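Q: Okay, here's the structure, questions in a sec.
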Amino acid sequence: MTKKLLILLFFLGSFFMQAQNLAWRTNMTDAIAISNEQRKPMLILFTASGVPDNLQNEIFKTPDFAVWSRDNVVLVKLDLSDMNASDSDREQNLKLKNAFGVEELPEVCFAMASVRKNKTTFSALGKIAYKPGGAKAWIAESNTILHPPE
Numbered sequence: 078m079t080k081k082l083l084i085l086l087f088f089l090g091s092f093f094m095q096a097q098n099l100a101w102r103t104n105m106t107d108a109i110a111i112s113n114e115q116r117k118p119m120l121i122l123f124t125a126s127g128v129p130d131n132l133q134n135e136i137f138k139t140p141d142f143a144v145w146s147r148d149n150v151v152l153v154k155l156d157l158s159d160m161n162a163s164d165s166d167r168e169q170n171l172k173l174k175n176a177f178g179v180e181e182l183p184e185v186c187f188a189m190a191s192v193r194k195n196k197t198t199f200s201a202l203g204k205i206a207y208k209p210g211g212a213k214a215w216i217a218e219s220n221t222i223l224h225p226p227e
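Residue numbers for the sequence shown, in the numbering used here: 78 to 227.
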C-alpha cells in the first residue's frame with residue numbers, strides 16, 4: 078500500500094512539475110497594468126522565430142525560474158516575427174526593442190512603466206541575455222539588476 082502511494086505521489090509530482098506553465102503576456106498595455114497593480118517590474122523577452130532556444134530551455138523552462146518569476150516579475154514576451162500580431166503591435170514592439178537598445182535576440186529587459194495622460198513612460202532597470210551557467214546563475218544576475226546593492 079505504501080509503495081503504491083509513493084509511486085502515485087511521484088507521478089503526480091512529476092506531472093505538476095511539467096505542467097508549470099508560465100503566464101507570458103503578449104499585450105504591453107495589459108502587462109503594464111498588471112505590473113503596476115502588482116508593483117512588480119516587467120521581464121520583457123524580445124525574441125523571434127529562428128533564434129537559439131538556450132534561454133527558453135535552460136532558464137525559462139526550469140522550476141527555479143517558475144518560482145522566482147511568480148514572486149518577482151510580470152512576464153512579457155514580444156515576438157518580433159509574430160505574423161498574427163497587428164501592424165501597430167509589430168511597430169510598437171520594434172520601437173520598444175530600439176528604445177531598450179536590444180541588438181541580439183533573444184534578450185531580456187527589466188523595466189517599470191507608468192501611464193499619465195495616455196502617455197507611457199518606461200524606466201529601464203537593465204538587460205540580460207543568455208549566459209551558460211543555468212537558471213540559478215541567471216536568476217542571481219537578474220536579482221542584482223532588480224535589487225542593486227546600495
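Glycine is no exception: its CB is placed at the ideal position from the N, C-alpha and C atoms. These numbers were taken from a predicted model, which means no experiment stands behind them.
Kindly say whether Ala206, judged by its beta-carbon, lies nearer than 8 Å to any beta-carbon of chain D.
A: Annotation note: the requested chain D is absent from the structure, which comprises a single protein chain.
Q: Tell me the start and end of each unbroken beta strand (DSSP E) in the segment 175-209 that is at least 3 residues and wholly inside, in chain order.
A: Counting whole runs of 3 or more residues, the segment 175-209 contains the beta strand (DSSP E) stretches 184-193 and 196-206.
Q: In whole angstroms, give me the CA-to-CA distance for Glu181 and Glu227.
A: When rounded, the distance between both Cα atoms is 30 Å.
Q: Helix, strand or coil: which one does DSSP assign to Arg116?
A: Coil, per DSSP.
Q: Using C-beta distances below 6 Å, list every residue in its chain close to Tyr207, excluding the 5 sequence neighbours before and after it, in chain order.
A: So the list reads Asn131 and Leu132, once near-sequence residues are dropped.
Q: Can you tell me which of the three DSSP states Thr124 falls into?
A: Note: Thr124 maps to strand in three-state DSSP.
Q: Can you list, in chain order, the residues of its chain with a C-beta nearer than 7 Å to that of Lys117? Leave out the 5 residues immediately preceding and following it.
A: Only Asn149, Val150 and Val151 meet the Cβ criterion.
Q: Going straight from the alpha carbon of Trp101 to that of Leu223, what length do you get?
A: Cα to Cα, Trp101 sits roughly 19 Å from Leu223.
Q: Alpha carbon to alpha carbon, how far is Val192 from Leu99? Give it in angstroms, no decimals.
A: So the alpha carbons of these two residues sit roughly 26 Å apart.
Q: What does Asp156 pair with, by DSSP beta-bridge criteria?
A: Paired residues: Thr124.
Q: Under the rule that 16 or more other beta-carbon atoms within 10 Å means buried, what is Val153, buried or exposed?
A: Val153 should be labelled buried.
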